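A short write-up of the structure that comes next.
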Amino acid sequence: MFNPSLPLLEWLKIYLEEPGESEATMNILIAGGTGLIGSALAESYLSDGHQVSIISRNPAKVAKIYHPVAWDEPSLVAALAQTDAVINLAGASLAGENPLQMRWTPKHKQAIISSRLTVGKKLLQAISKLDRKPEAFLQASAIGFYDSKEVGPADEKTVSGNDFLANVCRDWEASTADIEELGVRRLVIRIGLVLSQSGGLLPLLALPFRLFVGGRIGSGNQFLSWVHIQDVVESIKFLIEHPEHQGIYNLTAPNPVTNREFSCALGKTLHRPSWLPVPAFALKLILGEAATLALDGRPVYPVRLLKSGYNFAFPDLASSLEDLLPA
């Protein structure tokens, strides 16, 4: 019941944390809980009545809604001892602080690598000290694991590439592989291009179309293996809540599109023309090696996720864009 003497945020926290009568409450610990995916996932778990803790270097920031956990080992061990599932999404953004200035400098490359490997090792070390270990550990990765310059389709059995992104993803996944030897069920999710109105690349991609200067990028033949943020959140929850699932899963929609198709769909949704292409040489000049994110791509399919019984809320691009970019 609403208590007018409490601040609204505090009341909301108490109200949402009350366990439902029909479902068991889980204790969820999220690393990277303030990012695009982490914040949406934490909000969803909290609204379902579960206990949500977020590991943060700024505990006061997340304490307004969630249970904050510091990164020192004693704090991690104490929190993990009460945790049912760990979700590791932590890692420096590939785009950096400003997506318009996202050249992969040596310093930025090192931050991309170390931020992922350090977190994984810290979590692994803390879990190894527990008598009661979490039931599930979900490790984030990305479809950059696969060779983006190949033209054939990729599924979970496809081998990795050998470029910078592939090496990062392979090492990121390996950083927590030993958790399986501790008897913890491990899930690895290779995430595609996440479409969200709250952040990520969609607002950036939509901007030139809103200004009537949108169009394909490069040849337009490269594939975009995208996924709606709602399906990212719900598929993660689905995999964690069903103990029969483990191993590697691609988190992409079942219908990848070419960049040309994506641009046309984006223009149609926004009632704007798709007519002004972005030359590949211009992107390479501006972004350097990071231009591969926009210029390369192969179709990646969520074969194991579909076989698991998960039903996509947004399996096609048109309905996703209409939901995220309403007129």
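If you count by this note's numbering, then the sequence shown holds residues 137 to 463, one letter each, in order. A virtual CB, placed ideally from N, CA and C, is assigned to each residue, including glycine. Computed from a prediction, not measured in an experiment: that's the story for all the values here.
Measuring CB to CB, does residue i end up less than 7 Å from residue j?
| i | j | result |
| --- | --- | --- |
| A167 | V304 | no |
| F359 | P270 | no |
| I465 | V324 | No answer is possible for residue 465: the residues shown for the chain start at 137 and end at 463. |
| I384 | E292 | yes |
| A426 | W308 | no |
| A206 | A228 | no |
| T388 | L457 | no |
| L301 | G280 | yes |
| I223 | L274 | yes |
| G328 | V295 | no |
| L460 | L347 | no |
| A276 | L225 | yes |
| G185 | A178 | no |
Under 8 Å Cβ to Cβ from residue i, same chain only, skipping five residues before and after it: list those, please.
| i | result |
| --- | --- |
| V213 | A262, K265 and L266 |
| R440 | D291, E292, G383, I384, Y385 and N386 |
| D476 | Past the edges of the chain, shown from 137 to 463, lies residue 476, and the structure says nothing about it. |
| N391 | P451, D452 and L453 |
| S251 | A226, G227 and A228 |
Residue i to residue j, Cα distance in whole Å?
| i | j | result |
| --- | --- | --- |
| L165 | A430 | 33 Å |
| N298 | T161 | 42 Å |
| A278 | I365 | 14 Å |
| G336 | A231 | 9 Å |
| G356 | T428 | 13 Å |
| S211 | A310 | 24 Å |
| G288 | F374 | 29 Å |
| P195 | P438 | 35 Å |
| E380 | L419 | 44 Å |
| R306 | G433 | 17 Å |
| Y202 | F417 | 45 Å |
| I422 | L341 | 16 Å |
| G445 | S334 | 28 Å |
| N447 | H378 | 14 Å |
| H407 | R268 | 55 Å |
| I191 | L442 | 31 Å |
| I249 | N395 | 28 Å |
| R321 | E209 | 22 Å |
| F138 | K197 | Per-residue confidence for F138 stands at a pLDDT of 40, beneath the threshold of 50, marking its modelled position as unreliable; the derived number appears in the next sentence. Their Cα atoms are separated by approximately 24 Å. |
Using C-beta distances below 6 Å, list every residue in its chain close to residue i, excluding the 5 sequence neighbours before and after it, in chain order.
| i | result |
| --- | --- |
| V349 | L412 |
| V414 | I353 |
| S180 | V369 |
| D283 | G297 |
| T312 | G256, L260 and Q275 |
| Q218 | N163 |
What does a CB cutoff of less than 7 Å around residue i pick up in its chain, not counting 5 residues either side in sequence?
| i | result |
| --- | --- |
| G403 | F345, G350, P409 and S410 |
| A215 | L165, S189 and V205 |
| C400 | S410 |
| K285 | D432 |
| L343 | none |
With DSSP run on the structure shown, which of helix, strand or coil describes residue i?
| i | result |
| --- | --- |
| S456 | helix |
| L337 | coil |
| Q246 | helix |
| A215 | helix |
| V255 | helix |
| L441 | helix |
| L225 | coil |
| L274 | strand |
CB of residue i to nearest heavy atom of the ligand FMN: below 6 Å?
| i | result |
| --- | --- |
| V255 | The ligand FMN is absent from the structure shown, which contains no ligand whatsoever. |
Could you tell me which whole alpha helix (DSSP H) segments of length 4 or greater appear in the stretch 342–429? Runs of the alpha helix (DSSP H) inside the stretch 342–429: 365–377, 395–406 and 416–423.
Only counting runs of 4 or more residues, tell me where the alpha helix (DSSP H) segments fall wholly within the stretch 156–212, in order along the chain. 172–183 and 195–198
Segments of 3+ residues assigned as beta strand (DSSP E) that fall wholly inside the stretch 289–331: 321–327 and 329–331
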